[in-house]
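Data block below; observations after.
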Amino acid sequence: MNKPKFLFCVFTLVMLIARTGGYAQNARVVNVDVKQVTGEFNRSYNFCVGAGRANEGLRADWQRQLRLTQSECGFRYIRFHGLLTDDMGVYQEDRNGNPVYNFQYIDELFDFLLSIKMKPFVELGFMPNALASSNKTVFWWKGNVTPPKDYRKWDGLIKNLILHFTERYGASEVKSWFFEVWNEPNLKTFFLPAISLTILNFTGKRQIPSSRLTMHTKSEARLRQATPGYPR
4 MNKPKFLFCV FTLVMLIART GGYAQNARVV NVDVKQVTGE FNRSYNFCVG
54 AGRANEGLRA DWQRQLRLTQ SECGFRYIRF HGLLTDDMGV YQEDRNGNPV
104 YNFQYIDELF DFLLSIKMKP FVELGFMPNA LASSNKTVFW WKGNVTPPKD
154 YRKWDGLIKN LILHFTERYG ASEVKSWFFE VWNEPNLKTF FLPAISLTIL
204 NFTGKRQIPS SRLTMHTKSE ARLRQATPGY PR
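Each position in the sequence shown, counted from 1, maps to that position plus 3 in this note's numbering.
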């Protein structure tokens with residue numbers, strides 16, 4: 004090592020030692036009695052965790068990681084996009100245009116979540132291609148963000164999905180989940196046309212202005228609604 008580099012290294016070392024000594028002199032000691040309780044510990048941090056899209060939840064590595072995360076952090080709910088997109092195989096139509104439902108992949112995913120003591124935070128979206136009114140998509144996996152081409156068929160899909168949940172998991176279990184219609188529909192990125200904020204009522208039928216995006220469920224189900232992608 005030449006002399007200039009040596010002197011630079013020595014100077015740097017001296018400065019680090021000096022600064023460390025200064026920090027030590029100004030150090031503040033905080034004593035905590037962990038046995039003293041002043042109130043209930045707020046566990047809002049582990050109420051819900053976000054994931055990418057529903058189809059990823061069918062992978063073994065994703066499930067291993069979530070199982071570990073839940074055991075370490077105690078997350079209670081999980082929310083993700085893409086529950087109704089084509090890679091989940093939920094909706095098709097036969098040659099006569101009649102709806103064909105398939106909830107197999109959703110069952111696989113939700114069965115796993117419940118087996119590790121987590122509950123789904125159900126985001127209803129995006130639009131199945133066979134039901135979509137156009138081909139506008141978002142993300143590399145092409146989630147369709149357009150309204151349904153037929154609102155009666157959309158109503159039928161959601162109604163049958165909720166009834167399926169109730170029959171498979173029981174009404175009391177489904178009532179403990181949260182549901183939201185779409186993700187941030189006020190943004191054109193996620194819904195065309197972008198709509199104003201209106202809460203959908205799961206105990207009946209209510210429309211969002213300018214979009215007519217509607218939701219039907221049994222009135223007796225009394226599902227817990229989280230809002231369409233907004234904080235309540």
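Every residue gets a Cβ at the ideal spot worked out from N, C-alpha and C, and that includes glycine. Being a predicted model, the structure only gives us computed values, none of them experimental.
Next item on the list: Taking HIS167 and PHE106 to be in contact with their CB atoms under 8 Å, please state how far apart those CB atoms are, rounded to whole angstroms.
Entry: That belief holds up - the Cβ atoms of HIS167 and PHE106 are roughly 5 Å apart, short of 8 Å.
Next item on the list: Provide the residue(s) that pair with PRO150 in DSSP beta bridges, ordered along the chain.
Entry: In the DSSP assignment, no residue is bridged to PRO150.
Checklist line | Residues of its chain near VAL141, where Cβ-Cβ distance is below 7 Å and the 5 sequence neighbours each way are ignored | finding: The residues are VAL148, THR192 and PHE193.
Next item on the list: With a floor of 4 residues, list each alpha helix (DSSP H) that falls wholly inside the stretch 41-67, ordered by position along the chain.
Entry: DSSP runs (the alpha helix (DSSP H)) wholly in the stretch 41-67: none.
Notebook entry, point to check: Does ILE81 come within less than 7 Å of chain B when only Cβ atoms are used?
Noted result: Absent here is chain B; the protein component of the structure consists of one chain.
Checklist line | Distance between GLU126 and LEU160 (C-alpha atoms, nearest Å) | finding: Approximately 14 Å, taken between the alpha carbons.
Note to self: So if DSSP puts ILE81 in a beta bridge, which residue, or which two residues, is it bridged to?
What the structure shows: Answer by DSSP bridge pairing, in chain order: VAL52 and PRO123.
Item checked: VAL238 - containing beta strand (DSSP E), residue span -> Residue 238 is absent from the model: the chain starts at 4 and stops at 235.
Item checked: Beta-carbon proximity check, TRP185 vs GLY128, cutoff 7 Å -> Yes, the Cβ-Cβ distance between TRP185 and GLY128 is below 7 Å.
Margin query: Please classify THR15 as buried or exposed, where buried requires at least 16 neighbouring CB atoms within 10 angstroms.
Written below: Result: exposed.
Next item on the list: Please report the Cβ distance between ALA135 and LYS152, rounded to the nearest whole angstrom; I am assuming they are in contact, meaning their Cβ atoms lie under 8 Å.
Entry: Confirmed, Cβ separation roughly 6 Å.
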